[in-house]
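See structure below.
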DNA sequence: AAACAGGCCTAAA
DNA sequence: TTTAGGCCTGTT
């Protein structure tokens, strides 16, 4: 990947798929927002950054060290998405989904933030999830100075574990509050070691996550795919269920996509939500 | 107004 | 093993 220090941050030229709008709006993250010009600002990995398109590439407002140590991996620049799309284009439907989703990348996000955010996501729409997450960060995260204003980090599991349910009433997160507090305590007290999970098999990681209150198949698969980097995770929500059954029937097994299953899911999901699939 | 959201849990077949 | 109803809250 070509990158260099420039005015306002690091200039980089992605080798293949990189469409910020698709990456940030395809439902895998909740803390990136665009302005009118399509420039995104986000808070992730304990930092606030701006990502803007420019002639021939993009500029991200960070140091060279952070680009190498954090953002390269966060944006999954080590994998070749054009190749993976080609390998997933095994039938007319997947070809259409891959083409429609060209530019998507799977982010490698913070494990605890992903776990907590997707617990909050259950039975909620993206707008409300984002509001709840921002309220959580504003109230309990650490402030970061950013472009003359202030942003807030995602609060650590230890921080949340020190709170009571009544402290989180202002989030308006309802019955999900006890779930995130319980998860925070499991992580803070070492019963749930998220870093260790990423070294396990998919089945083992799934089993460990589902042992937590408030974490079922869907949330666990999101955590595994979006933060544990175990690529065969395949989250199935109501939209995915519809897409899968329409094209592959009720007996579909995501393992037919092997290690590309998670990415296949993203393309299918995005196509289902924003594309024009004549069969669903 | 009543139903429904990008699930999960529990109880009951 | 599968299914129904309830759950906080906000929106339609």
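In my numbering, the protein residues as written are 57 to 336. Note that the Cβ used here is the ideal one computed from N, Cα and C, for glycine as well.
Exposure label - residue i; buried when at least 16 CB within 10 Å
| i | result |
| --- | --- |
| residue 203 | exposed |
| residue 288 | buried |
| residue 179 | exposed |
| residue 311 | exposed |
| residue 226 | exposed |
| residue 320 | buried |
| residue 137 | buried |
| residue 197 | buried |
| residue 335 | exposed |
| residue 193 | buried |
| residue 110 | exposed |
| residue 98 | buried |
| residue 247 | exposed |
| residue 265 | buried |
| residue 337 | Shown here, the chain extends from 57 to 336; a query on residue 337 therefore has no answer. |
| residue 261 | buried |
| residue 231 | exposed |
| residue 253 | buried |
Alpha helix (DSSP H) segment containing residue i, residue limits
| i | result |
| --- | --- |
| residue 107 | Note, residue 107: premise wrong, no alpha helix (DSSP H); beta strand (DSSP E) at 103-110. |
| residue 90 | It is not in any alpha helix (DSSP H) - residue 90 instead sits in the beta strand (DSSP E) that spans 88-90. |
| residue 80 | 76-81 |
| residue 304 | 294-304 |
| residue 93 | No alpha helix (DSSP H) holds residue 93; DSSP gives it neither H nor E. |
| residue 182 | 182-196 |
| residue 137 | 137-144 |
| residue 172 | 167-177 |
| residue 225 | Looking at the DSSP string, residue 225 is not in any alpha helix (DSSP H), and its letter there is neither H nor E. |
| residue 217 | 213-217 |
| residue 251 | 250-253 |
Whole-number beta carbon distance between residue j and residue i, since they are thought to touch under 8 Å
| i | j | result |
| --- | --- | --- |
| residue 65 | residue 145 | The pair is not a contact, with the Cβ atoms about 35 Å apart (cut-off 8 Å). |
| residue 210 | residue 275 | So it is not a contact: roughly 17 Å between Cβ atoms. |
| residue 166 | residue 59 | 22 Å between Cβ atoms; not a contact. |
| residue 233 | residue 217 | The Cβ separation is near 13 Å, so there is no contact. |
| residue 292 | residue 300 | 7 Å |
| residue 176 | residue 236 | 7 Å |
| residue 86 | residue 189 | 5 Å |
Continuous beta strand (DSSP E) stretch holding residue i: start and end
| i | result |
| --- | --- |
| residue 207 | 205-208 |
| residue 325 | Run containing residue 325: none in the beta strand (DSSP E); it sits in the alpha helix (DSSP H), 317-330. |
| residue 258 | Counting along the chain, residue 258 falls outside any beta strand (DSSP E), though it belongs to the alpha helix (DSSP H) covering 258-266. |
| residue 99 | 96-100 |
| residue 131 | Careful: residue 131 lies outside any beta strand (DSSP E) and carries neither H nor E. |
| residue 238 | Taken as a continuous stretch (DSSP letters only), residue 238 belongs to no beta strand (DSSP E), being part of the alpha helix (DSSP H) at 232-244. |
| residue 160 | It is not in any beta strand (DSSP E) - residue 160 carries neither H nor E in the DSSP assignment. |
| residue 201 | 199-202 |
| residue 114 | 113-116 |
| residue 67 | 65-69 |
| residue 59 | 58-62 |
Nearest residue (CA-CA) to residue i, options the options
| i | options | result |
| --- | --- | --- |
| residue 327 | 310, 303, 307 | 303 |
| residue 256 | 112, 281, 140, 131 | 281 |
| residue 249 | 268, 142, 193, 233 | 268 |
| residue 251 | 278, 285, 219 | 285 |
| residue 141 | 233, 332, 324 | 324 |
| residue 212 | 206, 297, 205, 242 | 242 |
| residue 93 | 107, 175, 225 | 107 |
| residue 68 | 316, 113, 109 | 113 |
| residue 63 | 115, 83, 90 | 115 |
| residue 277 | 306, 301, 110, 317 | 317 |
| residue 314 | 283, 290, 247 | 290 |
| residue 223 | 169, 272, 71, 195 | 195 |
| residue 84 | 134, 181, 235, 307 | 181 |
| residue 82 | 332, 322, 331, 333 | 322 |
| residue 13 | 134, 201, 329 | Lying outside 57 to 336, the shown extent of the chain, residue 13 is not represented and no answer is given. |
| residue 57 | 123, 273, 91 | 123 |
| residue 228 | 191, 271, 119 | 191 |
| residue 61 | 90, 119, 88, 70 | 119 |
| residue 71 | 90, 121, 139, 96 | 139 |
| residue 170 | 135, 148, 239 | 239 |
| residue 214 | 150, 172, 206, 244 | 244 |
Touching by the beta-carbon criterion (3+ pairs, under 8 Å), the region 157-169 and the region 61-75:
yes
Mind the definition here: the region 100-118 touches the region 179-193 only if three or more C-beta pairs lie below 8 Å; say whether that holds.
-> no
Q.
Does the contact criterion of 3 or more C-beta pairs under 8 Å hold for the region 149-159 versus the region 122-131?
A. no
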